[in-house]
Structure formats: C-alpha cells, structure tokens
Amino acid sequence: MKTVGFIGLGTMGFPMASNLLRRGFPLTVYSRTPSKAEELTRQGARTAVTPAEAARASDVLVTMVSDDAALAELFDRPDGIGAALRPGFTVIDCSTVAPETSRRLAERCREAGADFLDAPVTGSKPAAVEGTLVFMVGGRKETLDAHRDVLLAMGRKIVYMGPSGSGSHAKLAHNAIVGINALGFLEGLSIAAKGGLDPEAFLDVVLNGGAASKQAELKGPKVINRDFDVQFSLNLMLKDLRLAAALAEQTGVVAPILRHARDQFELGRQEGWGDEDLSAMVKWYERHMGVTIQKAREGGNNA
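Going by our numbering, the first residue of the sequence shown is number 171, and it counts up by one from there.
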C-alpha cells in the first residue's frame, strides 16, 4: 500500500488524517504544534519533525493549511516540501488558496519530476469527521486516477475540474455562494425572530421549503442553540471571500453581492468573532435589532 504524509492538523486536517489511518494507509504527519499529532500517533501514525521528513517518508503528501502564505512557507523553508520533491512523488493540496498559487506550485513540482493536484474540499468539520467530503480537483487526470484511493479514504465524491488551478478556482466560486447563502439565511432568520416567531419553528419551515440549503441545515441549529464552536471559522470564510472577490475582479466578473458578503464578514472580524464559527455573524444582526435568536424557553420568548 502507498505511504501517505499529512501536513496541517487543524479543524479539517485532523479528522481527514484520522480517516486515512482508519482506511489502513501508513501515515506520517507533521504539525507546527506537536501536541496536535499526539492523538494520531496513538492511532498508529508516525510523526515527522519537519515538512521535508514527512514528504520523504511518503509516496503521496496531503496538505491542508489555512492560506496561501502558510502553503508557500511549507514549500519554501529550508527543511520544507520543496527540498523533498522527486520523481514519482505527488503533493495533493486540499487548502483553499488562489488558483495562481496552485499553478505555481504545480509547475515547481513538475520541474522536479513530481506531481501536484489542487484538491480543495466542500463540507465542513462534520463531513471531514464522517469521511463524506467532496473534492474538486485540478491537475493531470492521470495523477488523479492514480490517487483516487487516497481521496476516497477522506471523502465520498471526486469531481475533476481541469488543469492545475481549476480545483482552486472552483472552490473560490463555491465558497462565494456559501458566504452569500449563509448571510441570506441569517438575515431571514433575523427577520423572523424580530417579528416574534419561534426560530426553531421558522428553521423547520426553511429546511422543508424553497429556502432550504446546506448553510441553513448546518448553521440554523448552531444559532438557536447558541453554539459558535467552529465548524468553519468566520476568519476562514472572510479569507475565502477576499480571494473570491479578487478572482472575480481579475477575470472581469461583476460581483456586487460577493463584495457585500466579504464586507459584512469583515465587520464580524472587527467585532472579534473571527475565531468563532461563521454563524457568529448572527450576533451582528442581533445587536442591531435588539433580539437574541435562540430556542424559545417554555412559557417565554426570545427577546
């Protein structure tokens, strides 16, 4: 069986790596925070002390980091991935980054005889835990076909998008919709709550009507239960919307709703909610309307 490395053991990366172990892949992990690797070590993973060590121990290296700068640093540092590139080696990057970053790293890998796939995911923490992520993949089709087993150990579906950068382009377009949809849901929920409606009953209507969406399904229960633990952080949502807005501008797409969503999440960051789940944006609406959206207390209301 091919050996796999994994770098980036955060909210998404840890359960993805754990699923690789459960599927029987020999796994080497690297994390800037060693404590994050301890549980995986107990599950049977090896721990590398540098990104290069993780890469050299693996036929395939999966990366899942926060942004373009973090990914570039993994490649460029003296003991980084770039020092371990070689023929027959493949990097599968699942981070959400600019398409240009994916194309640049793919070219760097090709120059060393290695392969590179940009394979960002859709599905937040629950899907990562359950192994039901969907991958949108850019790169050589032959490389993807050779490593479908690795991706399907972490997810349920793979969609090939085209050459290098196509997966990252698709992810930014996708997350533009996610951010816009999340705000639309929170605004509608706020309108209902301000009118004195039971938020839980209104959510039932949404989930069974024409406004049903994955964001309503994921974020509605979090809002009414006042649970802002991270599935997908507000900071990361803002980062993706910034990238998507920049991509729209670069490609000549007029995107006023996307720009508004980006600016609205920026307000949430300024309020200090960046490390909470993106559903924490509801607190901005609550502040302005003077109502807290939560499950109705028996014999009471939500005001």
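All C-beta atoms in this analysis are idealised placements derived from N, C-alpha and C, irrespective of residue type, glycine included.
Leucine 413 beta carbon less than 8 Å from that of alanine 268: Locating residue 268 in the sequence shown gives position 98, counting from the first residue. Locating residue 413 in the sequence shown gives position 243, counting from the first residue. Yes, Cβ-Cβ distance for alanine 268 and leucine 413 is below 8 Å.
Counterpart residues of arginine 396 in DSSP-defined beta bridges: For this step, residue 396 is matched to residue 226 along the sequence shown. Looking at the DSSP output, arginine 396 shares a beta bridge with no other residue.
C-beta atoms of alanine 218 and alanine 254 nearer than 8 Å: Mapped onto the sequence shown, residue 218 falls at position 48. Mapped onto the sequence shown, residue 254 falls at position 84. Taking a C-beta distance under 8 Å as the contact criterion, alanine 218 and alanine 254 do not qualify as a contact pair.
Entirely enclosed alpha helix (DSSP H) segments - the region 185 to 267, minimum 4 residues: Entirely contained in the region 185 to 267, the alpha helix (DSSP H) runs reaching 4 residues are, in chain order, 205 to 213, 221 to 226 and 238 to 246.
Pair within 8 Å by beta-carbon distance, leucine 353 and alanine 298: Here residue 353 is taken as the residue at index 183 of the sequence shown, counted from 1. Here residue 298 is taken as the residue at index 128 of the sequence shown, counted from 1. No, Cβ-Cβ distance for leucine 353 and alanine 298 is not below 8 Å.
Cβ contact (3+ pairs, closer than 8 Å) linking the region 412 to 426 and the region 354 to 366: Flag = no, the region 412 to 426 and the region 354 to 366 do not touch.
Rounded straight-line distance, which links the Cα of aspartate 315 to that of lysine 453: Residue numbering aside, residue 453 sits at position 283 when the sequence shown is read from its first letter. Residue numbering aside, residue 315 sits at position 145 when the sequence shown is read from its first letter. Taking the straight line joining both Cα atoms gives about 45 Å.
Alpha helix (DSSP H) segment containing arginine 432, residue limits: In the sequence shown, the residue the question calls residue 432 occupies position 262. Looking at the DSSP string, the run of the alpha helix (DSSP H) that includes arginine 432 is 426 to 440.
Beta-carbon contacts of arginine 280 that lie in its chain and below 8 Å, excluding the five residues immediately before and after: As a first step, residue 280 is located in the sequence shown; it is residue number 110 there, counting from the start. Within the same chain, Cβ atoms closer than 8 Å to the Cβ of arginine 280 are found at Phe286, the five residues on either side in sequence being excluded.
Arginine 310 in three-state terms, based on DSSP: Reading the sequence shown from its first residue, position 140 is the one you call residue 310. Residue state, collapsed to three classes: coil.
Nearest-angstrom Cβ-Cβ length linking glutamate 446 and phenylalanine 398, presumed shorter than 8 Å: Residue numbering aside, residue 446 sits at position 276 when the sequence shown is read from its first letter. Residue numbering aside, residue 398 sits at position 228 when the sequence shown is read from its first letter. Indeed, because the Cβ distance is near 4 Å, the residues count as touching under 8 Å.
Threonine 220: CB within 7 Å of a non-hydrogen atom of the ligand COA: Annotation note on the ligand COA: not contained in the displayed structure, which lists no ligands.
Reduced DSSP category for arginine 412 - H, G, I as helix; E, B as strand; rest coil: Here residue 412 corresponds to residue number 242 of the sequence shown, with the count starting at 1. Here arginine 412 sits in helix by DSSP.
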